[in-house]
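Residues in the sequence shown are numbered consecutively from 186, following the working numbering.
See structure below.
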Amino acid sequence: MPQHGTFLALGLLLSLLPMAGLAAPAEKTAGERPRIGLALSGGGARGLAHVGVLKVLEENHIPVDVIAGTSAGSIIAGLYAMGLSAAEIEKTILGIDWNEGFSDSSERRYRALRRKQDDLDILTTLQAGLRIDGVRLPKGLLQGQRLELLLKRITNGAEQIHDFDQLPIPFRAIATDIENGDRVVIAGGDIARAMHASMAIPGVYAPVEIAGKLLVDGGLSSNLPIKTVRDMGAEFIIAIDISTPLLAADELTSVLSVAEQVSSLLTQNTVAQEVKHLDTDDILITPDLKDYSAADFDRAAEIIAIGEKAARNSLGKLTRYRIDAGRYRNYRNDISHHPPLTPIIDAVVISTNSHLSQTRLANYIKLRPGDRFDRAQLKEDISYLYGLGYFSHISYQLDKDTDDGRTNLLIDVRKKDWGPNYLRAGVTMSGDFSGSNKINLAIGLLATEVNTLGAEWETTLSFGERSGIVSEFFQPISTASDYFVATSISAQQRSVNRYRNGNTLLTARLRERQVAVDAGRQFGNRAELRVGITRLSSRADITTGPSLPTTTREDGAYRLRFTYDTLDNPNFPHRGSYGQLFLSSSKSELGADANVDLGSLSLYKAGRWGNNILLGNISYADTINNRSSLSNLFQLGGFLNLSGYAQNELGGAYTALATLAYYRTLNHYFIKSAEIPLYIGVSIETGNVWQTRRQIGFDSLIHAGSIFIGADTYIGPIYIAYGFNSEGRQSSYLFLGRVF
């Protein structure tokens, strides 16, 4: 059983292979030549050596009549069975971006707007299920959603072949029944799903259900499927073993190396059992890959060359089964792929165990009966549907009815079996190395699929410098509408500091209780407009500083908020935009102590060239009728927010800020094994706060700048920064949390 990232990476590695239609398997005349079978083992990147062996077989006109593979070997075997040549596979391998599918999470551009907002509110993406009987976890770190879409793409042309004996070369994929450990030989069904099951490493990938069985990596039961190839009728077998060798005692230096050794022991044991099925005329090829790991995809060309070398060393026995050039040409023509005829869809059938209505799900699928099948469009549609965050797996299959010839598009939508209620938690921390430190813990509770329309109930609990509870019930109006209503309640408290000459003048503890009702519309997953009414009660107690009486405030207001979000990454954006407009008008008839009108606008734009990123920000806030209080005070100060000052050191009725940050991705990682990117950057900033509108002017602007190092980690973005400004203030910062 190879290492956890390697099987997924191999699937990604092959994800852009050019595919086409398939010919029927070539028939051979009895007694013409022995039936030759190929057995390909698993081994992650080491499996690229299979391609080298295939190249030598083709060069020497040695045909393959049946083929089977395990894990990584199942992908190479499946593609070869479909009629791709070794050269086609090699060409694509060397140009693939292997990182495309290393996560189940949809690219952010596919995520629902509410899921994008979750990313802004709570830093971590790790999610657990929450039920009355306790916390539930998924069956694997990955569900394999993006992996299977990639496998679907590379198996284009085989989608309607559900009997693997009908492929140009009969094919088998090997998996393991996780319930009892038995070997499972997959001989039919969806070829992409068969490959997925064969490489589903337990704990890393959730088991794949096929024919009522939960299947995982075939390396646990048969990493080199020699017996399977023999059972397929092979008279002569070529077996290629690229499994990871055992480590010596002095190489077992960490928990990771010990875990790797356990995996290797399991797979090596199955290989030893399979080798017993080889006859004296069969060939076992073992490429010399001792210097290569299962993760060495960046050394693909070298590994392929080693596979070629190993095959050439066995030519003495292999050439006994060579056929002449003309016959081999005919053989290749018989099995080679041809451009597939794109079918017309006669029906779209969605099956699901979700609580969402069929109509709601169908709204995401643009393909309709009568349309020509469009794989790229379907991938987009499925990605947007998956971006809701409700589902563990969405698959599709083209099914041609043998009776009437109709082609049905079958889409299967599986809800998360650890849902539909979820728990997330995150920590934010900020400090300026001068004693001004703030730590907050946030716990998010999300109930999804509350009804068939897709209602959600989301609650966030906060502890620390800012503490309290915010809870919102979000209700779409209909299955075919982007309109919604939302009700929310909150009870929060936070500290508000007022400064003079860099020193804290007073600290107030502000307590607020609020209830609101909004109605609005979402514009796809990019934007949302909502208008509503809010009622708020606040109380401010002075905790340090001059002895001042407690102040209370009642407020009732109309409000409007428009949000636009196309950022590709909320932590370190590379591309996209973010904007928010907020307007509030307090009215005495709604219970407000005073009529106060507020407005704010923030705009962000990110762009990238190479490893260089620019992020610009313009923001403005205005107390329109010049009435401000602690509860509606606008603040600036801190890293990228007029650097050099303490966080929120400046406060007033009006604020303006313009920031331009440049940062560059470095070619190494904060934690290399986890591939956590590291950034280095600088910023220039200008802005100020004012108490009255008459004070606003260019001559009163404060200019600032910073230099920083940041890392985009699994617990959130981390920054270490040094800031300074034109007022002579300077400060060092440590942040865990978003500052953009």
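No residue lacks a Cβ here, since even glycine has one placed at the ideal position from N, Cα and C.
Exercise. Thinking just about the alpha-carbon of each residue, which of 772, 476, 706, 603 is nearest to the one in residue 720?
Worked result: 772
Problem set entry | Euclidean distance between Cα positions of residue 699 and residue 664 | 30 Å
Exercise. Residue 699 bridges to which residues according to DSSP?
Worked result: 675, 721
Exercise. According to DSSP, is residue 312 helix, strand or coil?
Worked result: coil
Exercise. According to the neighbour-count rule (16 or more other Cβ atoms, all chains shown, within 10 Å of its Cβ), is residue 865 buried or exposed?
Worked result: exposed
Exercise. Sorted by chain position, which residues of the same chain lie with C-beta nearer than 6 Å to residue 590's C-beta, five sequence neighbours on each side aside?
Worked result: none
Problem set entry | Three-state secondary structure assigned by DSSP to residue 297 | coil
Exercise. For residue 541 versus residue 634, is the C-beta distance shorter than 8 Å?
Worked result: yes
Exercise. Closest to residue 710 by CA distance: which of 222, 570, 435, 296 is it?
Worked result: 296
Problem set entry | Own chain partners of residue 628 with C-beta closer than 6 Å, once the 5 adjacent residues on each side are dropped | 610, 646
Problem set entry | The beta strand (DSSP E) enclosing residue 599, as first and last residue numbers | 592-600
Problem set entry | Cross-strand partners of residue 235 (DSSP beta bridge) | Its beta-bridge partners do not exist; DSSP assigns none.
Exercise. Within 10 angstroms of its Cβ, does residue 913 collect 16 or more other Cβ (buried), or is it exposed?
Worked result: exposed
Exercise. Around the Cβ of residue 216, are there at least 16 other Cβ atoms within 10 angstroms (buried) or fewer (exposed)?
Worked result: Residue confidence is low: residue 216 scores 46 on pLDDT, short of 50, so the model does not pin down where it sits. Its coordinate-derived value is still stated next. Residue 216 is exposed by the Cβ-count criterion.
For this session: With a threshold of 16 other CB atoms inside 10 Å of the CB of residue 922, please say whether the residue is buried or exposed.
Result: buried
Exercise. Are the stretch 224-232 and the stretch 394-414 in contact at 8 Å, needing three or more beta carbon pairs?
Worked result: yes
Problem set entry | Run of the alpha helix (DSSP H) containing residue 380, from where it starts to where it stops | 376-383
Exercise. Could you check where the alpha helix (DSSP H) with residue 362 kicks off and where it finishes?
Worked result: No alpha helix (DSSP H) holds residue 362; the beta strand (DSSP E) holding it covers 356-362.
For this session: In the DSSP assignment, find the unbroken beta strand (DSSP E) run with residue 569 in it and report its ends.
Result: Counting along the chain, residue 569 falls outside any beta strand (DSSP E), though it belongs to the alpha helix (DSSP H) covering 560-571.
Exercise. Is the beta carbon of residue 322 less than 8 Å from the beta carbon of residue 603?
Worked result: yes
Problem set entry | Residues near residue 900 by beta carbon distance below 8 Å, same chain, minus five either side | 308, 309, 611, 612, 921
Problem set entry | Cβ-Cβ distance between residue 417 and residue 355 below 8 Å | yes
For this session: To the nearest angstrom, report how far apart residue 735 and residue 796 are at their CA atoms.
Result: 53 Å
Exercise. Smallest Cα separation from residue 762: which of 799, 737, 726, 262?
Worked result: 799
Exercise. With C-beta atoms as the reference, is residue 867 less than 8 Å away from residue 840?
Worked result: no
Problem set entry | As assigned by DSSP and simplified to three states, the class of residue 739 | strand
Problem set entry | residue 427 and residue 228 closer than 8 Å at C-beta | yes
Exercise. Helix, strand or coil for residue 256 per DSSP?
Worked result: coil
Exercise. Based on Cα-Cα distance, which residue from 689, 742, 726, 746 lies nearest to residue 715?
Worked result: 746
Exercise. Identify the residues that DSSP records as bridge partners of residue 915: which are they?
Worked result: 909
For this session: Return yes when the C-beta of residue 674 is under 7 Å from any heavy atom of the ligand GDP, and no when it is not.
Result: The ligand GDP is absent from the structure shown, which contains no ligands of any kind.
Exercise. Going by DSSP, what residues sit across from residue 765 in a beta bridge?
Worked result: 748, 787
Problem set entry | Spatial neighbours of residue 374 in its chain, beta-carbon cut-off 7 Å, leaving aside the 5 residues before and after | 347, 395
Exercise. With distances taken between CB atoms, is the gap from residue 834 to residue 684 smaller than 8 Å?
Worked result: yes
Problem set entry | Beta carbon of residue 681 nearer than 8 Å to that of residue 695 | yes
For this session: Just grab the DSSP bridge partners of residue 729 for me.
Result: 692
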